Structure formats: C-alpha cells, structure tokens
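Note that UniProt numbering has the sequence shown beginning at 1, numbered continuously upward. A short worksheet on the structure shown next.
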Amino acid sequence: MPSSDAIEISDSDTDIEPQNFSQATLPPSSQVYEISDDDDDEWPRATVPATSSPSEMVIDLPDDDDDDDDFSISSPQKAAPRKPQGKGKARALSPYYDSDSDLPDGVQEVLKSIPLKNPSSTSQPSYSNKRRYSQTTPHPIDLTDSYETPSPPKKTRSDKPSTSTTTAKKRTRKTAEEKAIEKVCSFCRLHLKRKRSDKAAHKTANKLVTDKKGTLKDMTIILSDSFKSYPNLAHLLHKKIDEFGATIAYERVQLPGYDTVRWQRLIKREYDVSTRAFKPVDPPYSRYENLALLRLAINQLRPLVLNDGLVGLLQDFRRTHGLEPKDQVFIMIIGMGRLRKSKPAEWNSLEFEHHTYHVCVEDEQEMVDRLYDYSADLGTLVARSHLPQGKGTDNKDTWIKMLTQIHRLTDPAAEGIVAEYPTMRRNPDSAQHLLANCKIDRRRDGQKTATGGGGDKVGQALSKRVYTVLQGTDHLELVFKDK
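Dropping the structure here:
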C-alpha cells in the first residue's frame, strides 16, 4: 500500500493538531509537498531524489500572520506523465497531480496559478519522441487548457505517397527526360545533316564549268508548232541533244507564218556579289533566256528586203516574245547558196541598229548544229558572265589575250605564236598552215613539254583556227565544228 502523505504546518501563535487524511483525500504518491514555517522569504528549490522514484515537490509557507494563499511551487525537473485512461474525450491526467477533486481548496488554487516552465533539455536525457517534442516546445503549456503533453504531428496514411505512385512518377519523369534528350539529339543530327548538305550544294554551285556539254541538262529548247511540219529536223535534233540531257518542247505559234525558237533554263545557282561566289537556289526555277531565233527561208527573205519589211518584222518578233531592244535576236536564213558570202546593206543596218545576228545554213543538219551550239553557249555564258574582262598591259599582251580566246589555244601556245609573229601584220595571208610549226615550251600546268610526238608544236588544227579568226572573209564560218 502506498504510504500516507502528511502536511505539517507549524505556527508560533496557534497550535494546530496534525490531521490525517484518508487515501481518497491524500494527494497522489507521485507528489509529496513539505510545508515548513520559515522566516526565509526565498522559495526553496525542488530537490531531485537520488533514486529513480518520482521527485517530491516541497511547498514552503512564509511565517506571516496574514492568511495568504499566494505561494508558488517549484516545478520538478522530471515527472513521468501518466497515460490517459480510455479514448475519445477522456481528459488526460496532469503529470504533477492526479484528478482527485477532494484536495484542499487552497492547494487547488495554488496549483492552478503555477506557471509551468519547460524543463531544460540538457538537464535530463529524453526517453521518448513525445518527451523530446515537449522539451522543444517554444511556448509554455497552459494547464487550464490541456493536461496532456503535446505530441508531434503524425502523417496519416493518406499523406504518405504509395510506392507504386512514386515509381510511376519516377518512370514518367525518366521517360520525359529521355524524350527531351532524343529530341535534342534529333535536332543536332538534322542540323549536321543540313550543314553537310549546304556545304555540298555550295561546292557544286561553285564548280568550274570546263565542258559546255554539261550545261545542256538545264536547257530546254522551245520550238513553235510550225516545226512539226519538218519531221526530219525534230528527229535530228533529238538525236543530237538527248544524250546530254537537254529537252525539247513545243509552244503555239507566236508569229503566224514564221518559225521561232526560244530557250528556257533551269536556274540552280545565282552569283552573289557580296561574297563573290555562286550560291545555290532552293528550289530551282525556270526562266526564259533573253534570246530568241527567227527562221526565214530564202523565198521569205526576198520580199521583205525589197519592201523594207525586215525592221517591221523584227519589231513584231520582239513584241510577241517579250524581248527588250537590247536583247539578242538571231535571224537564221536557209538556202542562201552562192549569196552566202555576200552581205546586203540592209543586214548591216539591222546588226548595228537593232542588235541582231544573222546566220546562214544550207540544210537541216547544219541548223541542228547551230541550235546545239547556241544552247551550250548559253549555259557557259551564265557561268562566266561575272568574271572580269582582262585587258592587256601592252600591244604584245593584248595580242596574246586575243589568241587565247580561240578554242583550245592555251597561253603557252599563244606565246609561241607571238614569238614567231610579234604583230598581226607579220602574219601573212597564207598563214593557214605556217603557224603549225610554232614551238610550245611548256604545258598549261607549267611543266615542260615533251619533245616529239607533236605535243611541243601548235599544230595544223590550231593554225587553221587562228587563220579563220584573223584572216577569214566569211563572218558566218564556224571556227570549230563539234563532231
């Protein structure tokens, strides 16, 4: 049985007999209050017993005549809390006194007025999470509101994320990261591929054109429907240009009663003046060349010359084909025969005043060769139109540059000719064969020419071409006939 708790009160004036309380009226065994009548005004500190039993709380009453109920009780340094009995709204017991309501009124009033202080967290070690949380409470606990030490907040089951949900979120995040990385990698691959493609296109656009046959694949020869009455001409023309990729098209007659030819070119590159290089055109587009050809038979030309109708016909031809006055116009005449070397005065006026060029052919095969040459020259002209025109520094240099304009006549060959014939006057009229033995010291790449075999001489073919250009009387004669 628990021992009886006694409260001893000593007073010098009045002798009060000690009172014995029953178990029902005594305070709980966890708390013992010792009240002594002392003259000392200081409040005694609560003492902690050496044993593990709960500490006692001592209440000291001052030695005063007045019956004053105001006194304080020092808080114990350790008090084991009691667990509440039952669940629900059951009131928890205080760690300092039990729920007995039959204590003396003065003691109850004193206990209610005691401000509870948090025990120091360093005085005694913590024994549970609840005690640790109560020691770190920043504000004092009001015993009038609750007698239970506050517990730390607990996570409910709904607040805790499930393992499957966490795994699904991680998997979703990982999938999104993989998609983002794949998107960046795809963009980088596309960028590198486009960069390589642009570099290859730029290299192709600036490739030097050394063979005019390679330009025919971008050319389209447009004939008027009146050419369908010449089946052999169409057959010869297809046979000539089909192997080089050129195409032939027909259009309705723009100028009734006459045969016309136009050219259309596929534009794949354009020259950029700022970068001084060709740039590729994407996508390519087709454009009509500022050039057209008018075919006239000898029986059509005679009345036009007699009636001065060439100028009017030429103006109608330009208007129907959308050509400017400075655009080139070819007039091809078939069947001149012996009159081919003669040059009427009307032709000269047309050439200078209306910017025309006259060509004489005898048969359909020669006409096909002319169309082939014009088509190839148009492609080469576009590739070289941006190049600067070189000028000679003196008469000798000018004479060399003139010779290099002849087909297949290189600079070393021109220098060899100039060494034998320094000026054009020194070249006699019979020079058709005299230039064949002119020496060539080096090749075009600068290496020395091999002696023998004809590689160190100008040759008969080049000699004849030079003579045709410089001494020829037929201005319509071909300098070089492509086989």
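Note that the Cβ used here is the ideal one computed from N, Cα and C, for glycine as well. As the structure is a prediction and not an experimental result, all values here were calculated from the model.
Report task. Please report the Cβ distance between R443 and T451, rounded to the nearest whole angstrom; I am assuming they are in contact, meaning their Cβ atoms lie under 8 Å. Result -> In this structure R443 is not in contact with T451, their Cβ atoms being roughly 13 Å apart against a cut-off of 8 Å.
Burial state of H235 (16 or more Cβ within 10 Å)
By the neighbour-count rule (16 or more Cβ atoms within 10 Å), H235 is not buried but exposed.
Counting pairs of Cβ atoms below 8 Å between the region 264-272 and the region 212-227, do you hit three or more?
Cβ pair count under 8 Å is three or more, so yes.
Handout entry: Buried or exposed (CB count within 10 angstroms, at least 16 for buried), A246
Key = With 16 or more Cβ atoms within 10 Å of its Cβ, A246 is classed as buried.
Pull up the CB-CB distance for L361 and I334, whole angstroms please, since I reckon it's below 8 Å.
The question names Leu, but residue 361 is Val in the sequence shown. The pair is a contact, with the Cβ atoms about 6 Å apart (cut-off 8 Å).
**Asked** In three-state terms, what does DSSP make of A246?
**Response** Judged by DSSP in its simplified three-state form, A246 adopts coil rather than helix or strand.
Please confirm if the region 237-256 is in contact with the region 405-423, defined as three or more CB-CB distances below 8 Å between the two stretches. Proximity of the region 237-256 to the region 405-423 falls short of the contact definition, fewer than three beta-carbon pairs being nearer than 8 Å.
Discussion item. Can you tell me where the alpha helix (DSSP H) holding F317 begins and where it ends?
Written reply: Boundaries of the alpha helix (DSSP H) harbouring F317: 310-321, taken from the DSSP string.
Subject >> the region 312-330 / the region 288-300 touching (three or more Cβ pairs under 8 Å) >> reply: The region 312-330 makes contact with the region 288-300; the number of CB pairs closer than 8 Å reaches 3 or more.
| query | Is the beta carbon of G392 less than 7 Å from the beta carbon of T398? | reply | Between G392 and T398, the CB-CB gap stays under 7 Å.
Open item on the list: On the criterion of 16 or more Cβ atoms from any shown chain inside 10 Å, does L192 qualify as buried, or is it exposed?
Closed with: Exposed, since its Cβ has fewer than 16 Cβ neighbours within 10 Å.
**Study point:** Range covered by the alpha helix (DSSP H) that runs through P422
**Key:** Bounds of any alpha helix (DSSP H) do not take in P422, whose DSSP letter is neither H nor E.
| request: Hey, could you find the ends of the alpha helix (DSSP H) V305 is sitting in? | output: Counting along the chain, the alpha helix (DSSP H) containing V305 begins and ends at 298-306.
Exercise. To the nearest angstrom, how far is it from the Cα of P256 to the Cα of Q300?
Worked result: Straight-line measurement puts the Cα of Q300 at about 13 Å from the Cα of P256.
Next item on the list: Between the Cα of D259 and those of K174, H321, K179, D377, spot the shortest distance and give me the residue it belongs to.
Entry: Ranking the options by Cα distance to D259, first place goes to H321.
Identify whether T410 lies in helix, strand or coil by the three-state DSSP scheme. DSSP places T410 outside both helix and strand once states are collapsed to three, so it counts as coil.
Boundaries (first-last residue) of the alpha helix (DSSP H) holding L266
Premise fails: L266 lies in the beta strand (DSSP E), 259-272, not in any alpha helix (DSSP H).
- What are the boundary residues of the beta strand (DSSP E) that L223 is part of? That run of the beta strand (DSSP E) goes 219-224.
_So, for I400: in the same chain, excluding its five sequence neighbours on each side, which residues have a beta-carbon less than 8 Å away from its beta-carbon?_
Spatial neighbours of I400 in its own chain (CB-CB distance under 8 Å, excluding positions within 5 residues in sequence) are listed in chain order as G392, D411, A414, E415, V418.
- Message: In the DSSP output, which residue or residues are listed as bridge partners for I333?
- Response: The beta-bridge partner set that DSSP reports for I333 consists of L296, C360.
Item to check | Sufficient close CB pairs (3 or more, under 8 Å) joining the region 368-381 to the region 199-214 | outcome: Result yes; three or more Cβ-Cβ pairs closer than 8 Å.
Query raised in the report: Where do the ends of the alpha helix (DSSP H) carrying N232 lie?
Result: Start and end: 231-241.
| said: Please report the distance separating the alpha-carbon of A201 from that of Y285. | reply: Rounded to the nearest angstrom, the two C-alpha atoms are 16 Å apart.
(request) Could you check the C-alpha separation between P280 and V458 for me, to the nearest Å? (result) A direct Cα-to-Cα measurement between P280 and V458 gives close to 40 Å.
Where do the ends of the alpha helix (DSSP H) carrying I181 lie? From DSSP, the alpha helix (DSSP H) with I181 extends over 163-205.
* Asked: Run through DSSP, which three-state label would F278 get?
  -> Strand at F278.
Subject >> DSSP bridge partner residues for L291 (one or two, in chain order) >> reply: L291 pairs with Q328.
Quick check on the burial criterion: 16 or more other C-beta atoms within 10 angstroms. Buried or exposed for F480? Exposed.
Measure from the alpha carbon of K207 to the alpha carbon of each residue in K268, S224, E178, then state which is nearest. Ranked by Cα distance from K207, the options K268, S224, E178 are led by K268.
State the DSSP-derived secondary structure class of K448, mapped to helix, strand or coil.
-> For K448, the three-state secondary structure derived from DSSP is strand.
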